[in-house]
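Those sequence lines, one after another, are chains A and B.
In case it helps, the numbering used here puts the first sequence at residues 5 to 537.
In case it helps, the numbering used here puts the second sequence at residues 5 to 537.
Worksheet: one structure, shown below.
2 protein chains.
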Amino acid sequence: MSCQPSDPLQRQVAELLVVRASGHLDDQHRRYPQWELSNGDLQRLLNAGVGGVILLGGSAVELQQRTRKLQSWSDQQLLLCADVEEGVGQRFDGASWLVPPLALGRLHQIDPEQAITLAERYGYCTADQARRCGLNWVLGPVCDVNNNPANPVINVRAWGEEPTTAGALAAAFQRGLARGGVLGCAKHFPGHGDTASDSHLNLPVLPHSRERLEQVEFPPFRAAIAAGVDSVMTAHLLLPQLDPQQPATLSSVVLSDLLRGALGFNGLVVTDALVMEAITARHGPADAAVLAFEAGADLILMPADADAAISGISQAIAQGRIPIQRLHAALRRRREALARVQPSSPGLPLPTPAERELEQRLVTASLEQSFTAPIPPGEGINLIRIDAAWPCPALNGAAPALHLPQQHGFRSVVIHGQGVSPWQDDPEAPLALERLGDGPVLLQLFLRGNPFRGERDRQEPWRAAVQQLQRLDRLAGLIVYGSPYLWSELRSVLAPSIAAAFSPGQMPEAQRQLLSSLLQHPSDSLQSRDFTD
Amino acid sequence: MSCQPSDPLQRQVAELLVVRASGHLDDQHRRYPQWELSNGDLQRLLNAGVGGVILLGGSAVELQQRTRKLQSWSDQQLLLCADVEEGVGQRFDGASWLVPPLALGRLHQIDPEQAITLAERYGYCTADQARRCGLNWVLGPVCDVNNNPANPVINVRAWGEEPTTAGALAAAFQRGLARGGVLGCAKHFPGHGDTASDSHLNLPVLPHSRERLEQVEFPPFRAAIAAGVDSVMTAHLLLPQLDPQQPATLSSVVLSDLLRGALGFNGLVVTDALVMEAITARHGPADAAVLAFEAGADLILMPADADAAISGISQAIAQGRIPIQRLHAALRRRREALARVQPSSPGLPLPTPAERELEQRLVTASLEQSFTAPIPPGEGINLIRIDAAWPCPALNGAAPALHLPQQHGFRSVVIHGQGVSPWQDDPEAPLALERLGDGPVLLQLFLRGNPFRGERDRQEPWRAAVQQLQRLDRLAGLIVYGSPYLWSELRSVLAPSIAAAFSPGQMPEAQRQLLSSLLQHPSDSLQSRDFTD
């Protein structure tokens, strides 16, 4: 059932929705057609007053045209946002893809001043590129404290492992966003760092008391609010000590009493995506939106059914279940936020030289290396484990992780969740080496503990595999790109002579920097002849 | 050593060069930085009078901006070309990726009229999208007759396996290009279809006499010339019966006596890329360009060193080795060709509904299927072999080849040249099935015999693997995407009850059409929950 654009109440309610679209201009290129509305539906909903769009996928250059097109389908200024926590290039090809925030959290332990300066530049770079793409709202900073290494969903997305660091850097990032002229969003309130299950897939429970939340979870949110963050995103988490009935997203205790009351936040409260299993498993699409709005959310992100959400909230207001003042307050906050954004910039969204320099500096500042001698050239195996295969941003284009070892004589063998298994049933010798071939092995692990993969990647016996290769004197080197926890674990069993390195970032620049240093005298003369026909 | 833009002769010679650039706006995104000039070099060379650019890579939307930028660096109208033999989407994401020409060659055996109509629409669609991207020269039609199935470089790129079909369809494609307002290019003269080695890697020898060439190789070129093709590209082939010294690209016998004389071609003669090993192994960069121009080429494509090519040709003219009239004639042909192109179109380069319909119709017209019952749902293995992994256009986005079998219960295992080997050393049972898991196997082979891979893919024992799976009663189905020769070979050992199908095209549309038909009752309810954070 479609909402009724002629109904003035429904039109106002529609302003509060943020619906999901692909960054591609063309319906055919949607990567997730089940989540991403078609252009026909988008046009209809924007025409009916829907006030926001969250975008994902495609190139930054295409996104620039895409946001113009979307805006042309609406008669009001839209909120145009994306989950570009790690730079616009994290989601849109061609823009800057920056090291994960936790890289600066680690730097902050050693050099807090530099870390804060870089976090502020990180925010400004993201904001300025977002604005060049036509976005006006960055869904960051993550304000969760990653004090649980087993956390499958936050992990390196957090700015710190303890509250002070996370708060200082999240606030710096937010200052950068504000200077860059776009809105920010502190997430995921009241704190998603200490969960061991994934709220995309089910409803995690956080058993903490209000006192503990004040100590660990709240400080980064308070810091971001003090820095003027424009919006706060709710978490799909159950906190039985605060509200035994409803997850934070649907809880007036959490949103109204805590966030508005105790933390004094006056900006926009936005739900996390309502299409997530944690919500849809328990509530219908209208019900979920009504409960969130009733609890204190201003904006409804990715409702499972936009028409149902509009009708449901309108009905709840019309029937007096939710006072009309809530609607007016939410609309006012939305207007006030939009008044703060700078107009989108006509420049290309591709990195400027200064932004390139920042990308490189962030990589350099976050690397760790430990070896006595570089890896000599010769025949060997370049064994790569990637998080996901298609697409695989880390191996896009002329990835140094493939090309530099190949120029060195090492044949690439790439392992991923959809490939032939390299494992055999022997806990002491888990790698089936006869499937890989002979020679020394350079191991490059691109593993960061992404959402949706849950614990699957962690169950691979990389520790035993490293020990197996060392025992056979076949481990030429080890690089971990992503998880600092995996890096610590593997380094603990590594002989000091083995060339080893870590980068929190997986981007080509990190690969280039580490491999240039780990591989002895990279030969410039051996180049691929592959230039296509 | 840089060429001298102030020298009037060098400036005129520079017009004849076509240098290579990435389709990406940004230097950092070049996929082949060793072949693709940097923006700094491009600007310098275009400023020095270089008259053409060949582009590869990036998205169609980005290409539109890229061609404008390149044109802005020059004070003359540029030739802007690309190897978009199979639609602009073959090289630039987002535009139409069409079935390989040989698909229509096969259709021509059954329904010549429909094949010719479709080939003309194929050319028009390619031309119109090229023009919307700012290109004005399509490097097609391929006029080679693929009468040698072992040909590693032409294969499904040809319009036919015999001269009449190849000529009729190449001419139809050229008519489409002309109607679409861009230049075409018949290639690779005098005919590359009957070679069993790859001219990218070495110099193939074609032992044929002039009479035989007249019978088999020349007819498609004659047909394209009769259809008004604007340019002809030379082949890096040695034809000892015609010229025992020089390959066609550098042979005045082939270019002047045969192409200009016997075939009466008055348009532009362009070399194939001079950076190919077949040329660079024998000649320095200046030498190769001088020899090609001396032999009769008008345009020098991808010289190994643009400055050296300009200086070398200028010197040969200045010293009287090459008459200045040759230069004037080449410049005149270039001007005349450019006068025929229509201005670039402001529309988006993404497919229109009519172009979508053509994409689908070409797929539908080229499928083959043979089965008695569809594949029932259940646990099984979706074993996919791809030509190349990163990038892999066939598995981009929400590839039906992955997603439809997964929804059916089949777990994907993707094999590629850079993965863990699925093979074991047993000629009768070559697939190491314990590495793949249990259950029936749906085999999807994306193999078309690409260049650069030489015979490597063909050496995989797929015939024995199919027999092995059949013997074990584990072959649920077989789909070949690409090579009709592999399909014939495998079908010859296939039990008639096995669900099997073939598509010359590898695009998602072909996957969707075939799998929708081969898989029983695809369930719409099982959808991936993966919508990213």
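Heads up, the beta-carbon is just placed ideally off N, CA and C, and yes, glycines get one too.
Nothing here was measured: the structure is a model prediction, and the numbers come from that model.
| Shortest alpha-carbon distance to Ser26(A) belongs to which of Ala402(B), Arg338(B), Gln472(B) and Arg478(B)? | Here residue 26(A) refers to the residue found at position 22 of the first sequence. The residue with the shortest Cα to Cα distance from Ser26(A) is Ala402(B).
| query | Using the C-alpha atoms, what's the distance from Ala436(B) back to Gly62(A)? | reply | Here residue 62(A) is taken as the residue at index 58 of the first sequence, counted from 1. Here residue 436(B) is taken as the residue at index 432 of the second sequence, counted from 1. Their Cα atoms are separated by approximately 38 Å.
| query | Would you say Pro409(B) reaches chain A, if we count a Cβ-Cβ gap shorter than 8 Å as a contact? | reply | Translated into the one-based positions of the second sequence, residue 409(B) becomes position 405. Not one chain A Cβ lies under 8 Å of Pro409(B).
| task | Closer than 6 Å by C-beta to Leu473(B): which residues in its own chain qualify, once you throw out the five before and the five after it? Chain order, please. | result | On the second sequence, position 469 is the one that residue 473(B) refers to. Within the same chain, Leu473(B) has close Cβ partners Val445 and Leu479.
| field | Three-state secondary structure assigned by DSSP to Val92(A) | value | Numbered from 1 along the first sequence, position 88 holds the residue referred to as residue 92(A). Helix.
| query | Along chain B, in chain order, which residues have C-beta atoms closer than 7 Å to that of Gln422(A)? | reply | Working through the first sequence from its first residue, we reach residue 422(A) at position 418. Result: Ser416, Val417 and Val418.
| Own chain residues within Cβ distance below 6 Å of His525(A), not counting five before or after | What you label residue 525(A) is simply residue 521 of the first sequence in a count that begins at 1. Answer for His525(A): no residue qualifies.
| message | For a test of the three-state rule: what should DSSP assign to Ser370(A), helix, strand or coil? | response | Within the first sequence, the letter at position 366 stands for residue 370(A). Ser370(A) falls in the helix class under three-state DSSP.
| field | Gly481(B) beta carbon less than 8 Å from that of Glu383(B) | value | Start at 1 with the first residue of the second sequence, and residue 383(B) comes out as number 379. Start at 1 with the first residue of the second sequence, and residue 481(B) comes out as number 477. Cβ distance not < 8 Å, so Glu383(B) and Gly481(B) don't count as in contact.
| field | Proximal chain B residues relative to Arg339(A), where beta-carbon distance stays under 7 Å | value | Mapped onto the first sequence, residue 339(A) falls at position 335. Neighbours of Arg339(A) on chain B: none; closest Cβ ~28 Å, over 7 Å.
| task | For the region 385 to 412 of chain B, list the alpha helix (DSSP H) runs that are entirely contained and at least 4 residues long, ordered along the chain. | result | 404 to 411
| Going along chain B in order, which residues have a C-beta closer than 7 Å to the C-beta of Pro37(A)? | Taking the first residue of the first sequence as 1, we reach residue 37(A) at position 33. Going along chain B in sequence order, the residues near Pro37(A) (Cβ under 7 Å) are Ala402.
| field | 8 Å contact criterion, which Leu451(A) and Gly423(A) should meet: CB distance rounded | value | Translated into positions along the first sequence, residue 451(A) becomes position 447. Translated into positions along the first sequence, residue 423(A) becomes position 419. At roughly 15 Å, the Cβ-Cβ gap does not stay under 8 Å, so Leu451(A) and Gly423(A) are not in contact.
| Taking Cβ-Cβ distances below 7 Å as the criterion, which residues of the region 67 to 99 of chain B are in contact with chain A? | Gln69, Asp87 and Gly98
| said: Taking CB distances under 8 Å as the criterion, tell me whether Ala393(B) reaches chain A. | reply: Here residue 393(B) is taken as the residue at index 389 of the second sequence, counted from 1. So yes, Ala393(B) belongs to the interface.
| message | What does the alpha-carbon distance come out to for the pair Arg24(A) and Gly185(A)? | response | To locate residue 24(A), count along the first sequence from 1; it is residue 20. To locate residue 185(A), count along the first sequence from 1; it is residue 181. Approximately 23 Å, taken between the alpha carbons.
| task | Please state whether DSSP places Ala499(B) in a helix, a strand or coil. | result | On the second sequence, position 495 is the one that residue 499(B) refers to. Of the three classes helix, strand and coil, the one that applies to Ala499(B) here is coil, per DSSP.
| task | Only counting runs of 4 or more residues, tell me where the alpha helix (DSSP H) segments fall wholly within the region 61 to 116 of chain A, in order along the chain. | result | 64 to 76 and 105 to 114
| query | Under 8 Å Cβ-Cβ, which residues of chain A neighbour Val546(B)? | reply | Within the shown structure, residues of chain B are numbered from 5 to 537, placing residue 546(B) beyond reach of any answer.
| said: Quick check: the region 175 to 189 of chain B against the region 207 to 217 of chain B, are at least 3 beta-carbon pairs closer than 8 Å? | reply: no
| message | Taking the alpha-carbon of Leu210(B) as reference, which of Glu166(B), Asn151(B) and Gly265(B) has the nearest alpha-carbon? | response | As a working mapping, residue 210(B) is identified with position 206 in the second sequence. It is Asn151(B).
| said: Measuring alpha carbon to alpha carbon, tell me which residue in Ile158(A), Arg72(A), Leu262(A) and Gly109(A) is nearest Glu166(A). | reply: If you number the first sequence from 1, residue 166(A) lands on position 162. The residue with the shortest Cα to Cα distance from Glu166(A) is Gly109(A).
| request: Count the C-beta pairs between the region 298 to 311 of chain A and the region 272 to 282 of chain A that are closer than 8 Å, then say yes if the count reaches three, no if not. | output: yes
| Spatially closest choice to Glu298(A) from Ala239(A), Leu259(A), Leu272(A) and Leu267(A), by CA coordinates | As a first step, residue 298(A) must be located in the first sequence, where it is residue number 294. Among Ala239(A), Leu259(A), Leu272(A) and Leu267(A), the Cα nearest to that of Glu298(A) is on Leu259(A).
| task | Using the Cα positions of Asp234(B) and Leu82(B), report the straight-line distance between them to the nearest angstrom. | result | Here residue 234(B) corresponds to residue number 230 of the second sequence, with the count starting at 1. Here residue 82(B) corresponds to residue number 78 of the second sequence, with the count starting at 1. The straight-line gap from Cα to Cα measures roughly 15 Å.
| task | Please classify Leu21(A): does DSSP put it in a helix, a strand, or coil? | result | The residue you call residue 21(A) lines up with position 17 of the first sequence. Correct three-state label for Leu21(A): strand.
| said: Please classify Ser315(B) as buried or exposed, where buried requires at least 16 other C-beta atoms within 10 Å of its C-beta. | reply: The sequence position of residue 315(B) within the second sequence is 311, counting from 1. Buried: at least 16 other Cβ atoms inside 10 Å.
| request: Go through its chain and collect everything with a Cβ distance to Arg72(A)'s Cβ below 7 Å, but skip five positions before and after it. | output: In the first sequence, counting from the first residue as 1, residue 72(A) sits at position 68. Counting only Cβ-Cβ distances below 7 Å, and skipping sequence neighbours, we find Gly138.
| said: Against chain A, does Asn152(B) count as a neighbour if the rule is that its beta carbon must be under 8 Å from one of theirs? | reply: Locating residue 152(B) in the second sequence gives position 148, counting from the first residue. Answer no: the Cβ-Cβ gap between Asn152(B) and chain A never drops below 8 Å.
| message | I want to check one thing, is the minimum distance from the CB of Gln346(B) to the heavy atoms of the ligand MG below 7 Å? | response | The ligand MG is absent from the structure shown, which contains no ligand whatsoever.
| message | According to DSSP, is Val484(A) part of a helix, a strand, or is it coil? | response | Here the question's residue 484(A) lines up with position 480 in the first sequence. The answer is strand: DSSP assigns Val484(A) an E or B state.
| Mind listing which residues of the region 367 to 398 of chain A have their C-beta closer than 8 Å to chain B's C-betas, in chain order? | Ala393, Trp394, Pro395 and Cys396
| For Pro381(A), which residues from the same chain have a beta carbon less than 6 Å from its beta carbon, with the 5 sequence-adjacent residues on both sides left out? | Position 377 of the first sequence, counted from the start, is the residue given in the question as residue 381(A). If we look at Pro381(A) and ignore the five residues flanking it on each side, its Cβ neighbours are His412 and Gly413.
| For Arg136(A), is the classification buried or exposed, using 16 other Cβ atoms within 10 angstroms of its Cβ as the cut-off for buried? | In the first sequence, residue 136(A) corresponds to position 132, counting from 1. Buried, by the Cβ-count rule.
| message | Between which two residues does the alpha helix (DSSP H) holding Ala176(B) run? | response | Taking the second sequence and counting its residues from 1, one reaches residue 176(B) at position 172. Taken as a continuous stretch (DSSP letters only), the alpha helix (DSSP H) holding Ala176(B) covers Pro167 to Gly184.
| Contact between the region 94 to 111 of chain B and the region 503 to 516 of chain B: three or more CB pairs below 8 Å? | yes
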